[in-house]
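Since the structure comes first, as structure tokens, the remarks are kept for the end.
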Amino acid sequence: MPATSSPDGPPGTGDPLAGLHDALLAWLPTQRWFPAKGRRIAGLRTVAHSVVSTPEESPTVEHAVIGVSFSDAAGGSAEERYQLVLGAQAGPPAEVEHAVIGRRPGPDGRDEVVYDGLADGRISRLVLSLIVENQTRGPLRFVAEPDTEAPIVGPGRPLIGEQSNSSVIYGERAIMKLFRRATAGLNPDLELHRALRRQGSHEVAPLLGAVEGELDGEPMTVAMLQGYASNSADGWSMALASVRDLLAEADLRADEVGGDFAGEAHRIGKTVAAVHLELAAALGTHPLDARAASEIEAWMLDRLDRAAEAVPGVAEQRDAIADVLRGVTAAEPSTLQRIHGDLHLGQELRTPTGWLVIDFEGEPSKSLADRVRPDSPMRDVAAMLRSFDYAAFHQLAEWEQSADDPDPQLERRAQEWADRNRAAFCDGYTEVTGTDPRDAPELLRAYELDKAVYEVLYETRNRPSWVSIPLRSMRRLLTPAGRGER
Ligand SMILES: Nc1ncnc2c1ncn2[C@@H]1O[C@H](COP(=O)(O)OP(=O)(O)O)[C@@H](O)[C@H]1O
Ligand SMILES: O=P(O)(O)O[C@H]1O[C@H](CO)[C@@H](O[C@H]2O[C@H](CO)[C@@H](O)[C@H](O)[C@H]2O)[C@H](O)[C@H]1O
1 MPATSSPDGP PGTGDPLAGL HDALLAWLPT QRWFPAKGRR IAGLRTVAHS
51 VVSTPEESPT VEHAVIGVSF SDAAGGSAEE RYQLVLGAQA GPPAEVEHAV
101 IGRRPGPDGR DEVVYDGLAD GRISRLVLSL IVENQTRGPL RFVAEPDTEA
151 PIVGPGRPLI GEQSNSSVIY GERAIMKLFR RATAGLNPDL ELHRALRRQG
201 SHEVAPLLGA VEGELDGEPM TVAMLQGYAS NSADGWSMAL ASVRDLLAEA
251 DLRADEVGGD FAGEAHRIGK TVAAVHLELA AALGTHPLDA RAASEIEAWM
301 LDRLDRAAEA VPGVAEQRDA IADVLRGVTA AEPSTLQRIH GDLHLGQELR
351 TPTGWLVIDF EGEPSKSLAD RVRPDSPMRD VAAMLRSFDY AAFHQLAEWE
401 QSADDPDPQL ERRAQEWADR NRAAFCDGYT EVTGTDPRDA PELLRAYELD
451 KAVYEVLYET RNRPSWVSIP LRSMRRLLTP AGRGER
């Protein structure tokens with residue numbers, strides 16, 4: 001049996017990672033998934049730790065939850081928790097060299113190297129086989145989804161790219177995501193994929209299995225295994241290619257240039273609509289009555305005030321924005337249900353047969369309670385409309401960094417691209433649900449503006465050179481002429 005422990009004391013009192021705290025503190029900010037880069041870390045502790053491998057298996061594989069606390073103004077006393085899968089071996093293979101975290105004395109007295117386990121194909125292969133065999137190792141349960149056969153195709157290859165979690169791909173057949181933020185409770189990504197699977201959804205990748213643990217006495221989702229859509233392209237890259245074609249031919253309209261995206265936007269609209277119907281059928285709907293609407297309004301206003309504190313461009317428009325956000329109370333009668341919660345073109349994959357929606361975790365900065373709260377499907381629709389704006393104006397925003405003045409002709413072309421694709425998306429959505437989102441303009445505008453405010457804060461913190469994109473949309477949504485979708 002693998003050894004397990006749940007240390008909670010100070011370093012040196014039985015914490016198996018105590019000797020690695022300094023190394024972890026240096027390593028964490030270098031990781032793409034670590035969201036608190038640049039913040040002043042006050043301390044680190046091991047919240048939970050278990051050994052996954054048996055003594056016969058090499059390398060040693062460990063699962064840990066670490067708690068990081070901060071001493072800057074944004075930190076307060078809140079601790080953020082992250083999951084790690086660690087490999088440990090005296091002489092690990094060269095392929096993990098880039099993933100080394102530190103060294104510590106091994107069980108035989110010799111130093112062993114501790115590294116990010118997902119970089120080691122032997123470790124990802126072990127995790128996959130534990131899932132397929134439905135094994136339990138210490139506090140971790142490796143579960144295959146009933147009636148599925150996860151393909152055993154050997155070691156995993158870490159996904160390289162922009163991610164908030166960490167994924168490995170198994171031979172173009174399966175993909176496993178380790179959720180980096182450790183949160184007590186069922187992760188909505190797993191929960192909603194399970195619900196959609198029950199509905200026989202063709203709009204999401206098939207769920208194959210999961211790794212589940214415990215945190216604070218509650219279940220915690222460690223990882224999720226899905227079918228891999230090989231030969232797919234994400235909507236964001238496809239949309240950018242289309243916009244590039246358009247801006248290279250500034251004299252032509254979006255429908256006259258090669259690489260028009262409107263057909264795809266229409267199909268994405270249909271796909272998102274189908275997901276909404278499936279989620280409603282699987283998990284139910286509730287009326288968006290006056291009480292629910294005022295709760296959503298309060299939540300939006302609170303988020304607006306937090307953004308206004310951090311970004312002067314938002315603070316200057318605070319009252320005008322608040323007036324638009326109050327549009328959610330004009331939403332009756334309509335319904336609330338479980339939704340995606342953080343939809344954008346990068347969360348859509350074009351496969352040879354259609355579009356798939358991925359990543360149902362919701363906005364990363366929201367608490368779990370907020371991410372699982374039923375909301376209007378209009379939030380997802382508005383988020384997609386925002387994404388078409390992003391794709392349209394992204395290149396201009398990059399050019400504006402180096403050019404003196406924006407070219408008004410290119411701005412007009414970009415706006416045409418956005419309008420054309422937003423309309424095509426709404427048409428596709430309406431075709432499937434029978435409800436045209438543009439028939440509730442105040443609700444749609446409130447959700448779009450709420451998302452734009454979120455994005456202004458997100459870009460200020462993560463990609464300051466992109467902040468002009470949501471700021472431009474914020475201004476448009478506050479201008480009477482720029483409001484209408486039709
Ligand atoms: N089922 C899948 N098939 C193919 N590629 C996928 C699949 N799921 C995710 N990906 C790829 O992995 C990337 C990260 O996945 P995502 O679920 O968005 O992770 P994160 O939550 O870390 O952002 C996606 O942008 C996509 O390129
Ligand atoms: O993908 P995540 O779930 O981590 O979502 C976060 O990051 C997104 C960017 O990667 C961010 O999306 C924003 O930028 C996109 C272009 O990169 C654009 O298509 C989206 O419309 C825009 O919101 C998302 O908001 C954030 O939560």
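Residue numbers for the sequence shown, in the UniProt record's numbering: 1 to 486.
Glycine residues also receive a C-beta, built at the ideal position from the N, C-alpha and C atoms.
It should be emphasised that the depicted structure is a prediction, and the values quoted were computed from it without experimental measurement.
Beyond the five residues adjoining it in sequence on each side, ARG157 comes within less than 7 Å, by CB distance, of VAL168 and ILE169 in the same chain, given in chain order.
Secondary structure at THR351: strand, using DSSP grouped into helix, strand and coil. Residue burial annotation: TRP399 is exposed, with fewer than 16 other C-beta atoms found within 10 angstroms of its C-beta. In the pairwise beta carbon analysis, the segment 223 to 237 is classified as touching the segment 341 to 348: at least three pairs are separated by under 8 Å. When rounded, the separation of the alpha-carbon atoms in ARG125 and ALA78 is 35 Å. Per the C-alpha coordinates, the member of VAL257, ALA307, HIS394 and GLN337 positioned closest to ALA282 is GLN337. A Cβ-Cβ contact shorter than 8 Å links GLU411 with LEU396. In this structure, LYS366 has its CB at a distance of at least 7 Å from all heavy atoms of ligand 1. The beta carbon of LEU215 is closer than 8 Å to those of VAL47, ALA48, VAL65, ARG81, ALA182, THR183 and ALA184 in its chain, skipping five residues each way along the sequence. By the neighbour-count criterion, in which 16 or more other beta carbons inside 10 Å mark a residue as buried, ASP116 falls on the buried side.
Within the DSSP bridge table, the entry for TYR228 names no partner. Here the segment 380 to 389 makes no contact with the segment 209 to 228; the two share fewer than three CB pairs at distances below 8 Å. As DSSP reads the structure, LYS177 sits in a beta bridge with SER167 and MET224.
One thing to note: LEU190 has its Cβ within 8 Å of the Cβ of ALA210. In terms of Cα proximity to PRO206, the closest of ILE296, ILE160 and ASP147 is ASP147. At a cut-off of 7 Å, the beta-carbon of SER473 does not count as near ligand 2: no heavy atom of the ligand is closer than that. The residue among VAL114, ASP22 and ALA18 with its C-alpha nearest the C-alpha of SER58 is VAL114.
Distances from the alpha-carbon of GLY67 to those of THR54, LEU84, GLU56 and SER53 put LEU84 closest.
With 16 or more other Cβ atoms from the protein chains shown falling within 10 Å of its own Cβ, SER50 counts as buried. In this chain, LEU283 is not harboured by any beta strand (DSSP E); it is covered by the alpha helix (DSSP H) spanning 262 to 283.
Sequence-distant Cβ neighbours of GLY258 in its own chain, meaning closer than 7 Å and more than five residues away, are ASP245. For ARG110, the closest of HIS21, ALA90 and LEU20 by C-alpha to C-alpha distance is ALA90.
DSSP, reduced to helix, strand and coil, places VAL257 outside both helices and strands of the structure shown, so it counts as coil. Per DSSP, THR148 has no beta bridge partner at all.
By the Cβ neighbour-count rule, HIS340 is buried, with 16 or more other Cβ atoms within 10 Å of its own.
Annotation: ALA64 is outside any alpha helix (DSSP H); the continuous beta strand (DSSP E) that includes it extends over 60 to 70.
Two segments are said to touch when three or more pairs of C-beta atoms, one from each, lie closer than 8 Å; by this definition the segment 191 to 201 does not touch the segment 97 to 104. Relative to ligand 1, the beta carbon of GLU361 is positioned inside 7 Å of a heavy atom. Close CB contacts of ILE152 within its chain, under the 7 Å cut and outside five residues either way in sequence, are with LEU128, SER129 and VAL132 (chain order).
Membership of ILE321 in any beta strand (DSSP E) is not indicated; the residue belongs instead to the alpha helix (DSSP H) covering 318 to 325. With contacts defined by Cβ atoms closer than 8 Å, VAL324 and LEU477 form a contacting pair. Out of CYS426, ARG475, ALA308 and ARG306, the CA that lies nearest to the CA of ALA274 is found in CYS426. In the structure shown, the three-state DSSP call for ILE160 is coil. Burial check for ALA330: the Cβ neighbour count within 10 Å stays below 16, so the residue is exposed. The DSSP-derived three-state label of LEU444 is helix. Exclusion of the five residues before and after ALA424 leaves ALA262, ALA265 and HIS266 as the residues of its chain whose Cβ lies within less than 6 Å of its Cβ.
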